[in-house]
Amino acid sequence: MKRATGNREQGTGNERPWRFFDADGKVLGRLATEVAIALRGKDRPQWVPYKDEGAVIVITNTDRVRFTGTKGEKKVYWRHTQRKPGAVRKHTLRERMERDSRAVVRDAVWNMLPKNRLRDRMITRLKLYTGTEHPHTAQKGPAA
Numbered sequence: 001m002k003r004a005t006g007n008r009e010q011g012t013g014n015e016r017p018w019r020f021f022d023a024d025g026k027v028l029g030r031l032a033t034e035v036a037i038a039l040r041g042k043d044r045p046q047w048v049p050y051k052d053e054g055a056v057i058v059i060t061n062t063d064r065v066r067f068t069g070t071k072g073e074k075k076v077y078w079r080h081t082q083r084k085p086g087a088v089r090k091h092t093l094r095e096r097m098e099r100d101s102r103a104v105v106r107d108a109v110w111n112m113l114p115k116n117r118l119r120d121r122m123i124t125r126l127k128l129y130t131g132t133e134h135p136h137t138a139q140k141g142p143a144a
């Protein structure tokens with residue numbers, strides 16, 4: 001008995017959906033939670049934990065995302081250059097948003113993804129833009 005098998009190129013209905021998010025006025029953590037769930041594919045009925053079947057995510061207006069409380073001044077990002085003593089660099093959330101708001105949103109989503117081999121592949125499907133314009137206008141998908 002022959003068994004029919006298919007893959008994405010044959011159009012079996014497993015094509016990756018495109019999801020569009022507008023970050024204007026949304027709280028950073030709540031947006032990152034929604035995006036992480038869509039990147040994993042947990043919002044789809046055929047989700048399994050060992051496959052990377054999530055959507056391609058496009059987020060616009062990352063510079064207009066907001067935070068609750070006093071996180072802008074009190075949340076601190078630390079890094080170390082590993083070269084000499086006293087080389088600790090720290091930046092507040094507000095400073096990082098002024099420098100590159102896309103990195104702040106990416107890091108928030110990155111930390112909400114599972115810590116395994118699939119995370120590197122999932123984060124490559126995250127497309128971030130500071131304004132409303134993006135080059136993915138030909139793709140169709142629901143706006144969230």
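Residues 1 to 144 in the working numbering are what the sequence shown spells out, letter by letter. Cβ coordinates follow ideal geometry from the N, Cα and C atoms, glycine included.
For residue i, tell me which candidate among the options has the shortest Cα-Cα distance.
| i | options | result |
| --- | --- | --- |
| M122 | R40, F20, A32 | R40 |
| G72 | R96, T62, H80 | R96 |
| K140 | V56, Y50, L28 | V56 |
| E15 | D43, E53, E133, R83 | E53 |
| P135 | P142, R66, W47, V58 | V58 |
| G131 | T124, R125, D100 | D100 |
Can you tell me which of the three DSSP states residue i falls into?
| i | result |
| --- | --- |
| L128 | strand |
| D145 | Within the shown structure, residues of the chain are numbered from 1 to 144, placing residue 145 beyond reach of any answer. |
| T62 | helix |
| K51 | coil |
| R96 | helix |
In terms of residue numbering, what span does the alpha helix (DSSP H) encompassing residue i cover?
| i | result |
| --- | --- |
| I110 | Just to set this straight, residue 110 is Trp in the shown sequence, not Ile. Per DSSP, W110 belongs to the alpha helix (DSSP H) from 101–110. |
Assuming residue i is part of the beta strand (DSSP E), what are its boundary residues?
| i | result |
| --- | --- |
| V35 | Here V35 belongs to no beta strand (DSSP E); instead the alpha helix (DSSP H) covers 28–40. |
| K90 | 88–92 |
| D22 | 18–22 |
| H136 | Premise fails: H136 is in no beta strand (DSSP E) and is neither H nor E. |
| R79 | 76–80 |
Checklist entry - So, do the stretch 33–52 and the stretch 77–93 have three or more beta carbon pairs nearer to each other than 8 Å? => result no
Checklist entry - How about the stretch 103–119 and the stretch 80–87: do they share at least three Cβ pairs that are nearer than 8 Å? => result no
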